[in-house]
Structures are given as structure tokens and as C-alpha cells.
Amino acid sequence: MMPASSATLHVVATPIGNLGDLSPRAQEVLRTVAAICAEDTRHTGQLLSQFGIATPLLALHDHNEEAIAGRLVARLLAGESLALVSDAGTPLVSDPGFRLVRAARAAGVRVSPVPGACAAIAALSVAGLPSDRFVFEGFLPAKAAARRERLQRLAGETGTLVFYESSHRIADSLADMVQAFGAARPAVVARELTKLFETVLDGDLEALLAAVQADGNQRKGEFVVMVQGAGDDEDAKVAEGRRLYARLNEHLPPSTAAKLAADLSGAPRKALYGG
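Read left to right, the sequence shown gives residues 1 to 275 (UniProt numbering).
Given below as C-alpha cells:
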């Protein structure tokens, strides 16, 4: 199908820390488009000033994207090329932009990626966990009950799990992962990737939780948490049994909940409940 316009919406990855990761191609695109749609114009303005780029900025974020997507597509259809960036990394990966990209594609506008940094992929590349299959979950729910329910649903997943987490919830999230996945599940916590205080910690979940709790510096910055998937059929059965037990225990006595969860999942009852 012929494009409806000669213009292009460029989806441009920006650095997650090290400014050297903004590619020459990305710089050229950001210089030459009519405008740049940015999650936070102040933040992106500071980035652009480092490279002498003076392209006009337009705010596009979760609260206004649906309202302005149509106007932006109209500009594209009129022949103006635009760029889409997020505060850091690849747009749409736990960041705004999905509605604009969908609207542009529906209108027949060419949408082209300008690849670069992505925290999830960067973390996975250095984690030493299986990466042939992985599940990107982004940010977990902020509320504890919803977070624990989400993790319980993921306990039987066999691919490596990848999460983003903030500094004020990292310890609580790791504690909830210990409960959902078991203390011995291998995991990696990557912090402040490509920045001055970058750290990548590996071990089992219990050890990682202890390390984060013991060192205040390990509770600062931006985090990617990766958890190895349930390894074999027996691990998957236990993970599913724990998920079922957690739900059933909300309504039934613990011993009854454990018996039902064991019967339904095929997991040993003693792995679910000590009574």
C-alpha cells in the first residue's frame, strides 16, 4: 500500500544514562524533523541542548496523548515529519506513544524506528539468565495486594521475567518475589545501567533481598529486576500450587486450601503449607 504522505513518524530511542548512546542517525533525525513529541519537554530539552539541537518540542504524555494524536497525524498527513521520544530509552516500552503510533499507522503514515538504548534489553544482555524466552512485565502495581496477585499469576512462567522497579518499592517488590517464586529462584538486579553508579547483582532472590536491604545505595536509582523462570515441570507445579494456595487461603482454612491447591496443581502439599 502506498503511504498516505511522504512524511514519517520516527520513533527514536534516547540514552538511558550515557549520552554517548545517542546514535549519529538519531541526532540527524532529531535535527531535521519538524517537531519532536516528548514525554517531558524540559527533560528532552536538556538532552537536545547537549547536542546543539534546537528542534521545537511538543508535550506528549499519558494524560494528553489520546487528545492530541489526531492533530499530530494531521500534521504528518500534511507532509511534516515528526519524531517521538520518551524520557529515556525506547518509546512505548513502559512509556507513552502507543496511541500515536497506532493512529499514524491507521492513517497510512510511515512509522520508522531509530533503534538505540532499552533498559530491559540492556539488562537482559548482561544478566547471565536464559534469554531465549523472556516475558517483559514492565512496572508492577504500586499497591501491595495487586502486586502480590500479579506475581502469583507469574509464578509458573517458564521464561525469564523482566520487571522495571522504582527506588522506593524495590525492597518490597523483592520481598514479594521471594514469597511468590521461592527464596532460591535465581535472579538479577540491574541498577542505574550506563550511569556512574551502575551495579548488576546476581544470586537467589533471598540473597538479593538481603543485599538491597543492607545497603541504602542499592535502593537508589532505576532498576531492572530479572527472575529466572520456573525451570522444570516440578518447579512449575509448585509455582502453580503456591499461586492457587494464596488465592484459596483467602477464603478457606490453610489446611483445606493447601489440600485443594495440591490436588489441582499436582504439587506436593508440604511445598505449599507446613501444617
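Virtual Cβ for every residue (Gly too), placed ideally from N, Cα, C.
From a predicted model like this one, the values you see are computed outputs, not experimental measurements.
Taking 9 Å as the threshold (C-beta atoms), are residue j and residue i in contact?
i	j	result
Ala180	Ala246	yes
Ala190	Ala127	yes
Leu9	Val162	no
Ser86	Ala38	yes
Ala214	Asp202	no
Lys195	Ile36	no
Gly116	Thr32	no
Pro56	Ala34	yes
Leu129	Ala104	no
Arg133	Thr158	yes
Val114	Ala26	yes
Leu154	Glu137	yes
Val208	Gly241	The sequence shown places Leu at residue 208, not Val. In this structure, Gly241 does not lie closer than 9 Å to Leu208 by Cβ.
Leu30	Val12	yes
Buried or exposed: residue i, going by 16 or more other Cβ atoms within 10 Å of its Cβ?
i	result
Arg243	buried
Gly229	buried
Gln46	exposed
Gly275	A caution first: Gly275 carries a pLDDT of 44, below 50, which makes its placement in the model unreliable, though a value can still be read off. Flag for Gly275 reads exposed.
Gly97	buried
Ser49	exposed
Arg147	buried
Thr256	exposed
Asp263	exposed
Pro268	exposed
Gly52	exposed
Leu72	buried
Leu19	exposed
Ala236	buried
Ala106	exposed
Can you tell me which of the options puts its alpha carbon nearest to the alpha carbon of residue i?
i	options	result
Gly231	Ser112, Ile16, Glu80, Thr160	Thr160
Val238	Ala261, Pro253, Phe223, Thr90	Ala261
Pro141	Ser173, Ser131, Pro113	Ser173
Glu250	Val212, Glu149, Ala211	Glu149
Asp62	Gln27, Thr55, Pro91, Asn217	Pro91
Phe197	Arg71, Gln27, Gly216	Gly216
residue 321	Arg42, Glu80, Arg102	With the chain represented from 1 up to 275, any question about residue 321 goes unanswered, as that position is not in the structure.
Ile68	Arg169, Ala122, Arg99, Ser167	Arg99
Ala144	Ala267, Asp176, Ala210, Ala155	Asp176
Ala122	Arg42, Gln152, Leu151, Ala88	Ala88
Ala83	Leu58, Gly70, Val178	Leu58
His168	Glu222, Leu60, Asn64	Glu222
Glu165	Met226, Pro253, Thr44	Met226
Gly266	Val11, Pro254, Pro253, Gly156	Gly156
Asp204	Val178, Leu30, Lys220	Val178
Ser81	Arg42, Thr44, Glu28, Ser131	Glu28
Val224	His43, Phe139, Leu19	Phe139
residue 279	Gln152, Leu22, Thr44	With the chain covering 1 to 275 only, the question about residue 279 has no answer from this structure.
Asp95	Lys220, Leu60, Pro254	Leu60
Does any residue of chain C bring its CB to less than 9 Å from the CB of residue i?
i	result
Lys143	Checking the listed chains, one finds no chain C in this structure; it contains a single protein chain.
Is residue i close to the ligand FMN? I mean its beta-carbon at under 8 Å from any heavy atom of the ligand.
i	result
Arg219	You won't find the ligand FMN in this model; it holds no ligand whatsoever.
If residue i and residue j are in contact, beta carbons under 8 Å, what's the gap, nearest whole angstrom?
i	j	result
residue 283	Thr199	No answer is possible for residue 283: the residues shown for the chain start at 1 and end at 275.
Cys118	Val93	6 Å
Ala7	Gly108	Their Cβ separation, rounded to whole angstroms, is 11 Å, which puts Ala7 and Gly108 out of contact at 8 Å.
Ala211	Gln218	6 Å
#### Entry: alpha helix (DSSP H) segments (min. 4 residues) lying fully within the UniProt domain "RsmI HTH" (236 to 273)
List check, alpha helix (DSSP H) in window: 254 to 265.
Q) Which runs of the alpha helix (DSSP H) spanning at least 4 residues fall entirely within the stretch 12 to 74, listed in chain order? A) Listed in chain order, the complete alpha helix (DSSP H) runs (minimum 4 residues) inside the stretch 12 to 74 are 24 to 32, 41 to 50.
Discussion item. Which runs of the beta strand (DSSP E) at least 3 residues long sit entirely within the stretch 87 to 161? Give them in chain order.
Written reply: Taking only runs of at least 3 residues, the beta strand (DSSP E) segments lying wholly in the stretch 87 to 161 are 110 to 114, 134 to 139.
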